[in-house]
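Numbering (the numbering used here), first residue to last: 1 to 81. Here the structure is laid out as structure tokens; the discussion comes afterwards.
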């Protein structure tokens, strides 16, 4: 993989992650507190999307967004080694 792709992927991931941590959405954090919600289903103070899972999904999302933008710009193969 080209080093520029890796840099763009990491930059986009860090921007999205920092934005997520600064916004503190209610699905990840307790209301009125700066505590993360634990992973779980069926309880009032748990969530199905903890921060560790959100960060994994953000990494996958940023990877595919950068590959798609490169594909649109250079008309290359979408997923290339």
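Just so you know, even glycine gets a beta-carbon here, dropped at the ideal spot from N, CA and C. All values derive from a computational prediction rather than experimental measurement.
Closest in C-alpha terms to residue 51, from the list 35, 62, 12, comes 35. Residue 54 and residue 27 have their C-alpha atoms spaced approximately 10 Å apart. Taking the C-beta atoms as reference points, residue 14 is found no nearer than 8 Å to residue 65. Within the segment 18-53, no run of beta strand (DSSP E) reaches 3 residues while sitting entirely inside it.
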